[in-house]
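Take a look at the structure set out below.
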Amino acid sequence: MIAAAIWYQSPPFISYRAGMRFLHCVHAEFLLVLPRLTRTRLGLSLLALGGTLVWLSVHGLDPLTAALQAGALGAIIGAAELVGRERDRAALATALTHPTTALGVATGRWLAVVLPLAPLTILCAAATGGGHTGAITAGLAAAAAVGGCALFVVLFFGNGGALALFLFMAVAGTVAPERLVDFARPGVMRLTAASALELGPALWHYRDIARGDVAAALHALAWAGLGVLFASATIARRGVHG
Amino acid sequence: MSDFALTLSDVSGHDLGPLSFALVPGEIAGLVGPAGAGKTKLLRVVAGFLRPLTGAIRVWGLPVTHPAARRLVGYARDTAAFPPSLTVREVLMYYARLHYSMRRVRPPLGLMREALEIAGLAPSADLRVEALGQADLHRLNLAQAALGGRRVLLLDEMLSGLDAFARRDLRGRIAALAATGVAVLITSRDPAVLERLAARVLVLRDGRIVRAGPLATLLGERVLEVILDAPPPAPPPGFRLTAAGIETPLAGRTVEAALALCRTHRRPVRASRVRVKSLEEIVLETHDVH
């Protein structure tokens, strides 16, 4: 039996089977979000976010900004609910004692953060009158980029980091760096904030995706990938140190 | 294929070793020692989470870092945590999905049910993790470690912090797993909890095994306890003071000879008895000697 198990479970090289195994691990991680949507504050928080954004757009918020905020803020809420609590983060170390990888866990959690935001972004864009494909794509790109970043921040700093990122995205995220430079007084703080907005996953970038800007889409994609990689490194570190 | 389920050869690094020992299939070995002795670190090295600086760890003849070897090793951490908002069934189903293999005959549902059965968690299957008591958390930890037909189990403080009933139940479940050929390496700060489980004991101090042997051999040492009318100012040679009198190991001498020694030192003996040393005493003595 042991010999059979070893023969079956030892792909000699990276193969189709190894790829499928990775996808199975990602799928197993993603499925963890389903009970949480109804059992924790996650579902209600996302509904409250959608309702607030629709209400704000009725009172003057631009529909594209509403779609972007739905994606970005929803991603931060999702990351906080999935891995924000210390016990949830500690449970990652237990998961790594099973046949999975830190990258598989991070990718699955990122999908679990991002995929529930697709209906929210679509509904938000439709309800605010900005339901064209561009706004929805921009909202989903913002969800993917901010989801990756939020996953890493929450894994590393906990819910305190999630709150800081939420406030940054809600308040400063839509402001272009040039405007910030115009507003603020010269100094290191201004330059740091402007650099964060320029390089980081800020929403002003992703507005251009609605107009078909490929560079902005690549920026979002890069942040999604970087976020997942940093998150997987953090998870791997937890596996070693318990 | 190796005849050993687990072998460590000259493993060192991370303040451990060099350490060498092997576990045969179905064997339960207890790793005891004070806090900071290196028990948890050793289990992490054996589980493949920490890379040793030197030496080799093999699971059924395969290096422990090999994916197939890692699938055969189940590890229950001392500080194991599970997603609190999920039920026991959902948590085990999640782990079972991670064990999915295209050629595996048994689907995740079967693996999950088997794990529930192994740990005796069926009555608590629909409870959320955050509602579980300490005993059920330990059972869940055992279930996730054994899930997927693991052949080597590394159990860190699995029996610590439990009441006698839960401890007995878990001991029985671990012994049942070992009876199916699973090799078990279990650690404990408290040696007494391993006395009825481990067939072999390894005493760890400062990352090194300072004493090892079959439990039956270690517990074969006998002690003569002598109760005196008045506590002596100094014990006779070879004896040590206790609360009620004096005591001495009976290694290499008879009870009569030991009692005669008391009399020659003019110690009036009120009563005496011979008892076997407890594992705790053996571990403490080993610790003091080294």
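Chains as they are written, first to last, in my numbering: chain Z, 229 to 470; chain B, 27 to 316.
Ideal Cβ positions, reconstructed from N, Cα and C, are used throughout, including at glycine.
Legend entry - Start and end residues, beta strand (DSSP E) containing Y101 (chain B): In this chain, the beta strand (DSSP E) harbouring Y101 (chain B) covers 99-102.
Inset, instruction - Examine chain Z for any beta-carbon lying closer than 8 Å to the beta-carbon of T280 (chain B), and answer yes or no. - result: The beta carbon of T280 (chain B) does not come within 8 Å of any beta carbon belonging to chain Z, so the residue lies off that interface.
Legend entry - When Z:C352, Z:G375, Z:R439 are compared against P291 (chain Z), the one with the closest alpha-carbon: The residue from Z:C352, Z:G375, Z:R439 with its alpha-carbon nearest to that of P291 (chain Z) is Z:C352.
Inset, instruction - Run through the region 209-275 of chain B for me and flag every whole alpha helix (DSSP H) of 4 or more residues, listed as ranges in chain order. - result: Counting whole runs of 4 or more residues, the region 209-275 of chain B contains the alpha helix (DSSP H) stretches 241-244.
Inset, instruction - Give a yes or no on whether 8 Å exceeds the smallest Cβ distance from G247 (chain Z) to chain B. - result: The beta carbon of G247 (chain Z) sits no closer than 8 Å to any beta carbon of chain B.
Inset, instruction - Determine which residues of the region 149-166 of chain B have a Cβ less than 9 Å from any Cβ of chain Z, and write them out in chain order. - result: Listed by position, the residues of the region 149-166 of chain B near chain Z (Cβ gap below 9 Å) are R154, V155, E156.
Legend entry - Coil, strand or helix - F259 (chain Z) by DSSP: Here the sequence assigns Leu to residue 259 (chain Z), which means Phe is not the residue at that position. Of the three classes helix, strand and coil, the one that applies to L259 (chain Z) here is coil, per DSSP.
Legend entry - Supposed close pair T322 (chain Z), A107 (chain B) - CB separation, criterion 8 Å: The C-beta distance from T322 (chain Z) to A107 (chain B) rounds to 6 Å, short enough to meet the 8 Å contact threshold.
Legend entry - Own chain partners of A141 (chain B) with C-beta closer than 6 Å, once the 5 adjacent residues on each side are dropped: Correct list, in chain order: L118, A169, L173.
Legend entry - Enclosing beta strand (DSSP E) for T105 (chain B) [first to last residue]: Here T105 (chain B) belongs to no beta strand (DSSP E), and DSSP marks it neither H nor E.
Legend entry - Exposed unless 16 or more other CB atoms sit within 10 angstroms - verdict on V416 (chain Z): Exposure of V416 (chain Z) is indicated by the presence of fewer than 16 other C-beta atoms within 10 angstroms of its C-beta.
Inset, instruction - List the endpoints of the continuous beta strand (DSSP E) containing S298 (chain B). - result: In the DSSP assignment, S298 (chain B) falls within the unbroken beta strand (DSSP E) covering 295-302.
Legend entry - Cross-strand partners of P291 (chain Z) (DSSP beta bridge): In DSSP, P291 (chain Z) forms no bridge with anything.
Inset, instruction - Starting from S35 (chain B), follow its DSSP beta bridges and name the residues at the other end. - result: DSSP, once it has assigned bridges, lists B:A82 as partnering S35 (chain B).
Inset, instruction - Could you have a look at V155 (chain B) and say whether DSSP puts it in helix, strand or coil? - result: Of the three classes helix, strand and coil, the one that applies to V155 (chain B) here is helix, per DSSP.
Inset, instruction - Classify A48 (chain B) as helix, strand or coil using the three-state DSSP reduction. - result: The answer is strand: DSSP assigns A48 (chain B) an E or B state.
Inset, instruction - Identify whether P240 (chain Z) lies in helix, strand or coil by the three-state DSSP scheme. - result: Only weak support is given to the placement of P240 (chain Z): the predicted model assigns it a pLDDT of 46, under 50, and the question is left unresolved by the model.
Legend entry - Where G332 (chain Z) falls, given that 16 or more other Cβ within 10 Å makes a residue buried: Burial state of G332 (chain Z) is buried, judged by a 10 Å Cβ sphere holding 16 or more other Cβ atoms.
Legend entry - Straight-line Cα distance separating C377 (chain Z) from A448 (chain Z): The alpha-carbon of A448 (chain Z) is positioned some 10 Å away from that of C377 (chain Z).
Legend entry - chain B contact residues for W327 (chain Z), given Cβ-Cβ distances below 8 Å: Looking at the sequence itself, residue 327 (chain Z) is Pro, so the reference to Trp does not match. Here the neighbours are P93, R96, R97, L124, H125, G174.
Legend entry - chain Z within 8 Å of R237 (chain B), Cβ atoms only: Not one chain Z Cβ lies under 8 Å of R237 (chain B).
Legend entry - Counted within 10 angstroms of its Cβ, other Cβ atoms place E257 (chain Z) as buried (16 or more) or exposed: Looking at its Cβ environment, which holds 16 or more other Cβ atoms inside 10 Å, E257 (chain Z) is buried.
Inset, instruction - For L241 (chain B), count neighbouring Cβ atoms within 10 angstroms of its own Cβ and tell me buried if that reaches 16, exposed if not. - result: Counting C-beta atoms within 10 angstroms of its own C-beta, L241 (chain B) has 16 or more neighbours from the protein chains shown and is therefore classed as buried.
Legend entry - Within 8 Å, strictly: CB atoms of R296 (chain B) and D255 (chain B): R296 (chain B) places its beta carbon less than 8 Å from that of D255 (chain B).
Inset, instruction - Alpha carbon to alpha carbon, how far is V341 (chain Z) from R176 (chain B)? Give it in angstroms, no decimals. - result: Distance between the alpha carbons of R176 (chain B) and V341 (chain Z) is about 32 Å.
Inset, instruction - Examine the ligand PLP and report whether any of its heavy atoms sits within less than 7 Å of the Cβ of T402 (chain Z). - result: Of the ligands one can find in the structure shown there are none, so the ligand PLP has no counterpart to examine.
Inset, instruction - Identify, in the order they occur along the chain, each residue of the same chain with its Cβ nearer than 7 Å to the Cβ of E273 (chain B), setting aside the five sequence neighbours on each side. - result: Take E273 (chain B), set aside five residues on each side of it, and the residues of its chain with a beta-carbon closer than 7 Å to its own are V249, L250, E251, V252, F265, R266, in chain order.
Inset, instruction - Could you say which of Z:R313, Z:L259, Z:P344, Z:V286 lies nearest to G388 (chain Z) if we only look at CA atoms? - result: Residue Z:R313 is the option with its Cα nearest to G388 (chain Z).
Legend entry - Burial state of F191 (chain B) (16 or more Cβ within 10 Å): Answer is exposed; the Cβ neighbour count stays below 16.
Inset, instruction - Tell whether a beta-carbon distance below 8 Å holds between Y120 (chain B) and L260 (chain Z). - result: In this structure, the beta-carbon distance from Y120 (chain B) to L260 (chain Z) falls below 8 Å.
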